[in-house]
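Undergrad: Following this message is one structure expressed as structure tokens.
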Amino acid sequence: MGFNQFVGPNESDILQMTSAGLYCPAGGFHIDPSKKVHLAVTTHAHSDHARRGMGGYICASSGEPLLRQRVGKQAEIQALEFGQGLRLGGVGITLHPAGHILGSAQVRLELKGRVTVVTGDYNATHAHAAAEPWEPLECDFLVTESTFGLPVYQWPDPALVMDDIHHWWRFNQSRGRTSILPCYPLGKTQRILSSLDPGQGPIGVAGPARAFLPHYRAAGVSLPEVHELDESGMAALKGRGLLLISFSGEEPPALRALRPLSYAAVSGWLQIRSARRGRDVDRGFVLSDHSDWNGILRCIRCSKARRVAVTHGQTEVLARYLRETMGIDSFPLGHYPDNASD
Ligand SMILES: [Zn+2]
Ligand SMILES: [Zn+2]
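Numbered per my numbering, the sequence shown spans residues 17 to 358.
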């Protein structure tokens, strides 16, 4: 594979951008590669970061079962506790919580006294029970994601959002409607589930999200008991339940038996936009597993980094803001996976 761009202006830099994604030549590994490579340091188990077929993977311990679910049981995975050191070539590697989903990690690299941090997807805005809270890290060079890197993105208090979800659910119950909440299957579903009040009524989870629930429970995340869409689950949910479900396109036929339905969308902008397309959505709730604008700036300030590469989202706007407003040497960085999560 050809190296087509150095991440920074100095050849001594620890990271290079290759056709497979970020590569650390001194350590012989990629970070979240998009093609099959020898060794992948994997920040988390979302499909745009964790792909099948790598020679080996390194990930955080609490994210290992999720990664196996994604890339296959036979995968060669070395799991590290957060903060546990590993040396590859001359590079010291540690993983630190990113606050995005269970086991999501920032990658801290140290070579010859210089520290580089690659954030992966992270949530430095609001900590919650279904992910280890984001940890501030100081470094010389920061590679930050920027999914919501525009000033317009400012998340409301998640506790108030959960209140709104419960109010919507209660209103639907009063009308005999089943509440349907399409959610991203890994991360968003478990986060909402961990904040729902099972005393209000029956809760269901359907679709690929179900497979991840045991791993969250095993990691100590408290989740209520949930129904599936079998006969007894359907009977319990109809007219008063809240169903978290992941699907795209056509409404699953099973939902017909739960009518009348009320749909809502819960996400940053992507999911709201797509949920509005071709389907009536009664409510939209703003809740994201990524940092908002302030969270991104918080991470950058805490890092005290003199150079910041911006990737995975609104790269140009944020890089220019950092240069012009904060005086930071900053540049957009391409060839990083597109976002799957919201
Ligand atoms: Zn993600
Ligand atoms: Zn991502």
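For each residue, glycine too, the CB sits at the ideal point set by N, CA and C.
If you're wondering where the values come from, they're calculated on a predicted model, not measured in any experiment.
#1: With H, G and I counted as helix, E and B as strand and the rest as coil, what does DSSP make of residue 272?
#2: Are the segment 177-191 and the segment 229-244 touching by the rule of at least three beta carbon pairs closer than 8 Å?
#3: In chain order, what residues of the same chain lie with their CB nearer than 8 Å to the CB of residue 345, ignoring the 5 residues before and after it?
#4: For a quick check, are the C-beta atoms of residue 301 and residue 282 less than 9 Å apart?
#5: Kindly indicate which three-state DSSP category residue 195 falls into: helix, strand or coil?
#6: Can you give me the C-alpha to C-alpha distance between residue 348 and residue 334, rounded to a whole angstrom?
#7: Reducing DSSP to helix, strand and coil, say where residue 288 ends up.
#8: Taking 8 Å as the cut-off, is the C-beta of residue 50 nearer than that to any heavy atom in ligand 1?
#9: From residue 327 to residue 49, what does the alpha carbon distance come to, in whole angstroms?
#10: Have a look at the DSSP bridge pairing and note the partners of residue 45.
#11: According to DSSP, is residue 250 helix, strand or coil?
#12: I need the straight-line Cα distance from residue 118 to residue 78, nearest angstrom please.
#13: Extract the residue ranges of the beta strand (DSSP E) inside the segment 96-137, only unbroken runs of 3 or more that lie entirely within it.
#14: According to DSSP, is residue 187 helix, strand or coil?
#15: In angstroms with no decimal places, state the Cα-to-Cα distance between residue 303 and residue 165.
#16: Taking only three categories from DSSP, how would you classify residue 281?
#17: Measure the C-alpha to C-alpha separation of residue 131 and residue 43 and round it to an integer number of angstroms.
#18: Enumerated in chain order, which unbroken segments of the beta strand (DSSP E) with a length of 3 residues or greater are wholly contained in the segment 314-353?
#19: Determine the contact status of residue 34 and residue 136, defining contact as a CB-CB distance below 9 Å.
#20: Between residue 291 and residue 41, what straight-line distance do the alpha-carbon atoms span, to the nearest angstrom?
#21: Within the same chain, show all residues whose beta-carbon is closer than 8 Å to that of residue 139, passing over the 5 residues directly before and after it, in chain order.
#22: Say the cut is 8 Å; is the CB of residue 308 nearer than that to a heavy atom of ligand 2?
#23: Mapping DSSP to helix, strand and coil, what is residue 79?
#24: Taking 8 Å as the cut-off, is the C-beta of residue 117 nearer than that to any heavy atom in ligand 1?
#25: DSSP three-state call for residue 228: helix, strand or coil?
#26: Buried or exposed for residue 80, please, with buried defined as at least 16 other CB atoms from any protein chain shown within 10 angstroms of its CB.
TA: Concretely, from the data shown:
#1: helix
#2: no
#3: 322, 323, 324, 339
#4: yes
#5: The answer is strand: DSSP assigns residue 195 an E or B state.
#6: 8 Å
#7: For residue 288, the pLDDT reaches just 46, beneath the cut-off of 50, and the residue's location in the model is therefore unreliable, leaving the point undetermined.
#8: no
#9: 14 Å
#10: For residue 45, which the question treats as bridged, DSSP gives the partners 40.
#11: Residue 250 falls in the helix class under three-state DSSP.
#12: 7 Å
#13: 102-104, 107-113, 121-127, 130-134
#14: helix
#15: 15 Å
#16: DSSP places residue 281 within a strand segment (E or B) once states are collapsed to three.
#17: Near 14 Å, if we compare the C-alpha coordinates of residue 43 and residue 131.
#18: 323-329, 345-348
#19: Result no, Cβ atoms of residue 34 and residue 136 do not sit closer than 9 Å.
#20: For residue 291, the predicted structure reports a pLDDT of 44, less than 50, and the residue's modelled location is therefore unreliable. The matter cannot be settled from this model.
#21: 114, 115, 116, 147, 150, 304, 305, 306, 307, 311
#22: Not so, every heavy atom of ligand 2 lies at least 8 Å from the Cβ.
#23: helix
#24: yes
#25: helix
#26: buried
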